[in-house]
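A quick write-up on the structure given underneath.
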Amino acid sequence: MANKKVYSKNLIIIFIFVFSFIMFVSCPQAIDGGLTDSYEVGDEGPAGGLIFYDDNLGYDFDGNDEIENNEKNLLSEYRYLEAAPSDYNDGTDNPYYHIFGYTRDNPSGSSQIVGTSSDFGSGKSNTSLLISSAPFYTTNSTSNSTTTNSYAAKLCDSFSYNSYNDWFLPSEQELNLLYLNLHKKDLGDFHGVYWSSTEATVNTVYVRIFTLDEDNLFTRDRDDTNRVRPIRAF
Numbered sequence: 002m003a004n005k006k007v008y009s010k011n012l013i014i015i016f017i018f019v020f021s022f023i024m025f026v027s028c029p030q031a032i033d034g035g036l037t038d039s040y041e042v043g044d045e046g047p048a049g050g051l052i053f054y055d056d057n058l059g060y061d062f063d064g065n066d067e068i069e070n071n072e073k074n075l076l077s078e079y080r081y082l083e084a085a086p087s088d089y090n091d092g093t094d095n096p097y098y099h100i101f102g103y104t105r106d107n108p109s110g111s112s113q114i115v116g117t118s119s120d121f122g123s124g125k126s127n128t129s130l131l132i133s134s135a136p137f138y139t140t141n142s143t144s145n146s147t148t149t150n151s152y153a154a155k156l157c158d159s160f161s162y163n164s165y166n167d168w169f170l171p172s173e174q175e176l177n178l179l180y181l182n183l184h185k186k187d188l189g190d191f192h193g194v195y196w197s198s199t200e201a202t203v204n205t206v207y208v209r210i211f212t213l214d215e216d217n218l219f220t221r222d223r224d225d226t227n228r229v230r231p232i233r234a235f
């Protein structure tokens, strides 16, 4: 009788092991973040763009040839950053160039800064903050300015590609990593000057000039027209 109990117990253990193995093989989940797949920088991402950051690995932001603890695990809810495969194109006669825009409480009010961040990982919240601060105006002048929905943050927020619609305008530091991790490796087909979502002053915003082989960022007036590259986090 005891042998039968032991035999039955062993059968149950074997069944549980086999069932667990089948479930693991048929429904693979990366331990990290519940992701089905893992990616390397430069890989095509799930939305059809390019992976340019893995939060588990981080990046040597300070250039000392060592990735320290404060240079990874920077995305609180996500692991990867993915860039759209090409610049935003609105199909007009000048499809790649868009303003950042000015925000005011009312048409005759003064332009404002809404408090965006330059931090890595802040692009998504920056974009939401900018959109919630609408309306956006085309110029800083209160006499000849009109409202617009064709401003950089809004274009990224409304962008959809391969059924993914969770895109945003990168922060200053995220935009810089697009340059370092994609453009300098001849990936991403970048050209010219790109908006970040990081304000500098009420009149200017940080941009990255991809044609300059240096790591510095610059500022441009908000009514300048520059390129927009949406990114997403997952």
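Counting with the working numbering, you get residues 2 to 235 for the letters of the sequence shown. Glycine residues also receive a C-beta, built at the ideal position from the N, C-alpha and C atoms. Computed from a prediction, not measured in an experiment: that's the story for all the values here.
A buried status is given to ASP88, since no fewer than 16 other beta-carbon atoms sit within 10 Å of its beta-carbon. Note on LEU58: under 16 other CB atoms within 10 angstroms of its CB, so exposed under the neighbour-count rule. With contacts defined as CB atoms closer than 7 angstroms, GLU83 and ALA48 qualify as a contacting pair. For SER159, the enclosing alpha helix (DSSP H) stretches over residues 153–159.
If the five residues before and after ASN74 are omitted, its C-beta is found closer than 8 angstroms to the C-beta atoms of ASP56, ASN57, GLY59, all from its own chain and listed in chain order. CA-to-CA, the gap between SER129 and GLY50 works out to about 22 angstroms. For the 7 angstroms CB-CB criterion, LEU176 and GLY43 do not form a contact. Here ARG105 is not bridged, per DSSP, to any residue.
For ASN163, the closest alpha carbon among the candidates TYR40, GLU45, THR212, PHE191 is that of GLU45. By the beta-carbon neighbour count (other beta carbons within 10 angstroms, threshold 16), LYS155 is buried. Looking at the DSSP output, ILE210 shares a beta bridge with VAL194. Cα atoms of LEU181 and PRO86: separation of roughly 16 angstroms, rounded to the nearest angstrom.
Under the three-state reduction of DSSP, THR220 is assigned to strand. For GLY122 and THR220, the gap between their C-alpha atoms comes out near 20 angstroms.
Around the Cβ of ASN227, a 10 Å sphere holds 16 or more other Cβ atoms; the residue is buried. Per DSSP, TYR81 is one residue of the beta strand (DSSP E) stretching across 81–84. Under the DSSP assignment, TYR54 falls in the beta strand (DSSP E) whose first and last residues are 51–55.
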